[in-house]
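Numbers 85 to 1144, taken from the numbering used here, label the letters of the sequence shown in order.
Ideal placement from N, C-alpha and C gives every residue a C-beta, glycine not left out.
In this text the structure is predicted, and so the values were computed from the model without any measurement.
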Amino acid sequence: MQGFSRSAALVRSVSATAITTCLLLPTAGHAQSVAGTAAASAPIVTAQAENPEEIVVSGVRASLERSIAIKRESVGVVDAISAEDIGKFPDTNLAESLQRITGVSINRRNGEGAQVTVRGFGPQYNLVTLNGRQLAASDQTTVGGDESADFNRNTSRSFDFSNLASEGVKTLEVYKTGRAAIPTGGIGATINVVTRKPLDASQSGFTGSLGAKANYDTSVDACLHCGSKVTPEVSGLAGWSNADQTFGVSLFGSYQKRNFSNVNATSNAWNITTLSEFLAPDSGNVNAATKITNAPSDPNALVARPNDFRYHFSEGTRERINGQGVIQFKPTDRFEVSADALFAQNKQSERRSDQSNWFNRPFDQVTFDQGHSVATAVYLHEVIAGETKDAGFEQQYRAQKSKLQDYGLNAKWDLTDNFRVVADGHYGRSTSTPDNPNGMSSTLVAISAPTLAAHSVDYTGGFPIQTVTFVDPATASALHPAVKGNGNGVLDVGDLGSQVGRQVATTFKQTLKEARLDAGWDLGGGSRVDFGGDYRTTNTRSTQTSYYQTLGDWGNAAPRDVNQIAPGLVQAFCLACKFTHYDPKATGDGLIAFRAEDPAALYNALSKYYSNIPGHANAINGFNDDRVKEDIWAAYAQVTWKAKLAGHDASLVTGLRYERTTVKSNSLQAVPTAIVWQSDNDFTTIVSSSYQPLAAKGKYNNLLPSMDFQVNLRNDLIARLSASRTISRPSYGNLFASTSTKVPSDATAVGGKISADQNDAGLQPLISDNVDLSIEWYFKPASYISAGFFEKRVHNFIGNTVVQKPLFNLRDPSSGAAGSRSGTAKAQLQGIGADITNVNLFTYTALLQQNGGNVAAATSTFLANYNATARALNQAFVDSTLAAVDIIADNNDPLFNFNVNTPINNRDAKLYGFEVAGQYFFGNTGIGVAAAYTFVRGNVSIDVAADPNVDQFALVGLSDTANATLIYDKYGISGRLSYNWRGKFLSATNRDAFHNPEFTKAYGQVDVNISYDITPHIAVSFEGINIFEQGVKTYARSPNEIWFAQEAAARYLIGARIKM
């Protein structure tokens, strides 16, 4: 402990469409188009599409004024954000920019925006396109996640915006309602990323920009080995066109690196039972001596207790490379062809250390909270009677590499003065692959110190506070009959023993091919007819292979082996000292944790040593290879009409889209042959060495009408009405042909549950009938107020049906059923008056196995190591038993009764909401303000007091959002001070065997951005992101049931940009 010091501490979003962008930032321009300006293949011609750079004034206010002009001329609900200038986008992160649009909110990872929710519909319900073409997506969320992230397979359709550098983007367009000419897939929205083209320039010759920034993430101040505190961000964009502007080439490239650290607290699972079940003698939670405070009066009331809790400290790196290239050739005014390519690579890694707290039980003290639907055990205390147990310090190395590529060819041909044909094709590929030194997504090494004598956890302050007492005697005594540590009286590296090693390799790959043909006939006066068709095929593959190796084994059967086998790879440090906003209140032994700078090297050293010992081989304990092929044929027709209506300018766009989708799902699955009971609450799966092929199919047809109407009530007052039918397709995970089994959360005899997932390739898409109403008042230049209402009636929401049934003939060695070994153990424990805890049950069952079923011998050995006064086994005996015995079910054990979750189209929902927004500039002062608020409601909420055995349906991501921006733009100075807020929202359902929800606490972030134009060609800038360091917190049924509480740090960037 020397040398350590404690450091201080269903409804949609309104459619006023326009309003949103304004709120954006001084630098963001709100660019909207009538019919898909951004779509490379769209035949519609607008002023913006034909002359995108006709106005070359740069700066925040000019950008906003152009945005308002485009908004006023648009038909339908389309919001957008434009670059202020070439190579200068409002934010360093595209998602951060999108959140300034009304109704749009974002999810963050490691302090950066990653995914987008629109009008309450999460990332999987939004379609992302590049210049009108669907982007391939592979969003594996290993790095930066909570304790479950190591084994996650992200099989949704969500797109990770952090893969793209903002400097290479010209415009972000958000289509909130359907249009016949727009690809389907986004019930929330279709988000179109528009990049620059060389013939966009207002003049021929060379244009470009070069920018550089120094990025300082303040979290690196806590690092031990993060590398440089200041990291580079460099980008360049260059374009050239000939004098006649018939040929042009543009290139973009960027390199960005960020070092960071983070510190957080997590819980693996929250066990939900009734109070009577919690207090039952065979639950193992309490005994006659347990002091219980604030227990509910109703024995049927639901109560919650954590499986464990952990502190984590991570150091990581994010490295992003982007490149774009475009060639345009326009030999005549009637014909143009272009070819483009996009490349993006995003590498992320983190090296993570745990300081864990898990309980043997029974507890000595339990205190419940009050005033919540589920009473949570907010204080738990345990003394290890007459012994010590192990405290965990697992080390993890997570790393994933994402690559995105897209190659396209587009041709436009004006056959006559009023008839255009557009042909477009592209190939896209996205991959997310393991990237740590062992070629894995995650490498985990469980190590522990076997010298923990007492511990507790206290959640009453909204953050888990642990107290620990370690003892490390040099010689045995009556109080501590076994010497488990190195005997020097302090907690140090020499006490550490290895337990198990695990590795996971998760990949997600998607290829996409698309071809479309569009035609447009200009009828004059702004009216026109558009029609066309497209074919899109995607091939998606998700694999996961998991490995398991027994090292020193659970219970620390090989104490002190870490420093003996891997000397110098683990060091002591103070993890609790890394918290700056939360206060763990750590003292004494609580200030000591351990860190392997390279967990992969630690794993390799221990794995190599134990691989030479019989029974310790590294083995595959899980394998899935799932593939889904989707073929989509579509045809559409759309009519645009413009005329006078009762003396007012009006426009109407109506259309119809037909789509036919076929699904083929193929899986290769390693069949589980046994679930092994390894220790009190630890199980692992044995899988066969052969693989079983599985296949399934599905298909559906959809007819999707749409209508957008606009009328100018006055020159400065516009009313809009939009109606459409849109669809979102099921997540790929729901379409897999495989069945995935999990392991029990605990011995089933003491309340543990086991679940599995089966899928259905025949699922139908979600169908949403949408209505949007909005009114916009443009009362002065660069200023407006807008309000809107939206409603979505969604059919075919995917819920889950839960069926209890056996799978793969897997038997349960921990059932406690009569006639089984665990049943005999349970009966004998009751006979001798011992508590039915998972430790006692496993130990007695293991003794039966060791003694060939001889009850007398098992009882004799058990009693010889049992302290009847303390009602506890000798911990050294428990540890040796855990290491010596793994229990595999035999024919006397019953079959596991799995809670099998199967997706099903069985839910309808109604969502509605209001949006208000406005922007105002104060005369010629250069000062402006923008603000917006979105209110969303729906009949899709979750019941936190629901039976933990029942699967629940609810829409994740539904929340109110708001933002406000103070703007200044004058004398070459542009400044923006922005606040973005998102209300509490449901971020996951049915998270564990107890069907617990995951809520994300309300979040507010303040950013600042200032730039100064030294000359018309040189500018300097300063950015501050999350300057008040708002962290992220998720919880289960009650705010005290913490899943994940992560601190956040401010980031600052200083940069310069040269425009040529």
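Residues sharing a beta bridge with residue i, DSSP
i: residue 568; result: None; residue 568 has no bridge partner.
i: residue 854; result: 808 and 876
i: residue 596; result: 512 and 622
i: residue 163; result: 258
i: residue 354; result: 390
i: residue 320; result: 294 and 337
i: residue 1028; result: None; residue 1028 has no bridge partner.
i: residue 1082; result: 1072
i: residue 346; result: 398
Whole-angstrom C-beta distance between residue j and residue i, which should lie under 8 Å
i: residue 476; j: residue 492; result: The pair is not a contact, with the Cβ atoms about 51 Å apart (cut-off 8 Å).
i: residue 276; j: residue 213; result: 5 Å
i: residue 575; j: residue 533; result: 6 Å
i: residue 189; j: residue 1066; result: 5 Å
i: residue 774; j: residue 739; result: Actually they do not touch by this definition, with Cβ atoms about 52 Å apart.
i: residue 395; j: residue 660; result: 7 Å
i: residue 187; j: residue 999; result: 6 Å
Own chain residues within Cβ distance below 8 Å of residue i, not counting five before or after
i: residue 816; result: 239, 240, 241, 624, 626, 710 and 712
i: residue 763; result: 638, 639, 926 and 966
Neighbour-count burial assignment, residue i, 16 or more Cβ in a 10 Å radius
i: residue 798; result: exposed
i: residue 894; result: buried
i: residue 320; result: buried
i: residue 1103; result: buried
i: residue 216; result: buried
i: residue 1207; result: No statement about residue 1207 is possible, as the shown extent of the chain runs from 85 to 1144 and does not include it.
i: residue 259; result: buried
i: residue 884; result: buried
i: residue 1055; result: exposed
i: residue 888; result: exposed
i: residue 253; result: buried
i: residue 309; result: exposed
i: residue 974; result: exposed
i: residue 500; result: exposed
i: residue 937; result: exposed
i: residue 1101; result: exposed
i: residue 648; result: exposed
Own chain residues within Cβ distance below 6 Å of residue i, not counting five before or after
i: residue 1138; result: 298 and 1106
i: residue 433; result: 400, 401 and 483
i: residue 1052; result: 1010, 1011 and 1059
i: residue 1169; result: The chain is shown only over 85 to 1144; residue 1169 falls outside these bounds and no answer can be derived.
i: residue 780; result: 749, 821 and 845
i: residue 116; result: Because the pLDDT at residue 116 is just 33, under 50, the model does not fix this residue reliably, and the value given afterwards should be weighed accordingly. Closer than 6 Å at Cβ, skipping near neighbours: 154, 155, 158, 162 and 164.
i: residue 313; result: 304
i: residue 108; result: Its pLDDT being 33, under 50, residue 108 is placed unreliably by the model, and nothing is read from it.
i: residue 613; result: 605 and 723
i: residue 1004; result: 867 and 1013
i: residue 669; result: 549
i: residue 551; result: 540
i: residue 384; result: 358
i: residue 498; result: 418 and 504
Enclosing beta strand (DSSP E) for residue i [first to last residue]
i: residue 868; result: 867 to 889
i: residue 825; result: 823 to 825
i: residue 794; result: 766 to 798
i: residue 1060; result: 1057 to 1066
i: residue 420; result: 419 to 442
i: residue 749; result: 732 to 763
i: residue 998; result: 982 to 1005
Beta-carbon proximity list for residue i, same chain, < 7 Å, skipping 5 on both sides
i: residue 1039; result: 94, 204, 993, 1022 and 1024
i: residue 233; result: 225 and 226
Element boundaries [alpha helix (DSSP H), containing residue i]
i: residue 1206; result: Here the chain has residues from 85 to 1144 only, and residue 1206 is not among them.
i: residue 939; result: 939 to 948
i: residue 965; result: 959 to 968
Cβ of residue i within 7 Å of any chain C Cβ
i: residue 822; result: This model lacks chain C altogether; it includes just one protein chain.
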